[in-house]
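> Numbering-wise (our numbering), the sequence shown opens with residue 70 and increments by one. Just so you know, even glycine gets a beta-carbon here, dropped at the ideal spot from N, CA and C.
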Amino acid sequence: MSAHMQEFDRINRRKARFRLSVVAAVLAGVAAWAVLPFGIVLLTRGEAAGWALVVAGAVLAAACVAAIVDAARHRVVPQSLPGKANAAFDQPQPSKNPDGGYATAGMKLGS
70 MSAHMQEFDR INRRKARFRL SVVAAVLAGV AAWAVLPFGI VLLTRGEAAG WALVVAGAVL
130 AAACVAAIVD AARHRVVPQS LPGKANAAFD QPQPSKNPDG GYATAGMKLG S
């Protein structure tokens, strides 16, 4: 298998993991949104099942956050590769307009 095909397969696996993480985050978030408030209501009424629902909601909320972090790590972005430095990066460039323009530098307007 060529290096290009291996890179293509690696990117496809990364995209699939990203999609799976996004789906898991959405499902865990919706489940936590549905379970946690109901558990709090049952807990205020003094029912023991409220504790189980509150704990389950907290675990689902933590799973949602973990899935969001995992999706952010698996997001497909082009990798930056090291290369040679750009010699003109910090060098000032004069204006290419020979006519110039209206400048207010040094006029102390607004101060």
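Does the pairing of the segment 97-107 with the segment 73-85 give three or more beta-carbon distances under 8 Å?
Touching, no.
> Using the Cβ count rule (16 or more neighbours within 10 Å means buried), how would you classify residue 104?
Your numbering for residue 104 matches position 35 in the sequence shown. Counting Cβ neighbours within 10 Å, residue 104 comes out buried, since at least 16 surround it.
> Alpha carbon to alpha carbon, what distance is there between residue 95 and residue 118?
Residue mapping note: residue 118 aligns to position 49 of the sequence shown, counting from 1. Residue mapping note: residue 95 aligns to position 26 of the sequence shown, counting from 1. Roughly 25 Å separates the two Cα atoms.
> Cβ atoms of residue 129 and residue 111: under 8 Å apart, would you say?
Translated into the one-based positions of the sequence shown, residue 111 becomes position 42. Translated into the one-based positions of the sequence shown, residue 129 becomes position 60. Going by C-beta atoms, residue 111 is not nearer than 8 Å to residue 129.
> Any idea what DSSP makes of residue 71, helix, strand or coil?
By 1-based counting over the sequence shown, the position of residue 71 is 2. The answer is coil: DSSP assigns residue 71 none of H, G, I, E or B.
> For the alpha helix (DSSP H) holding residue 131, just list the boundary residues, first then last.
Against the sequence shown, residue 131 aligns to sequence position 62. Residues 118-143.
> Apart from the five residues on each side of it in sequence, which residues of its chain come closer than 7 Å, Cβ to Cβ, to residue 91?
Reading the sequence shown from its first residue, position 22 is the one you call residue 91. Correct list, in chain order: 140.
> Between residue 114 and residue 133, what straight-line distance do the alpha-carbon atoms span, to the nearest angstrom?
Locating residue 114 in the sequence shown gives position 45, where the first residue counts as 1. Locating residue 133 in the sequence shown gives position 64, where the first residue counts as 1. Rounded to whole angstroms, residue 114 to residue 133 spans 27 Å at the Cα level.
> Mind checking residue 136: buried by the 16 CB within 10 Å criterion, or exposed?
For the purposes of this step, residue 136 is taken as the residue at position 67 of the sequence shown. Classification for residue 136: buried.
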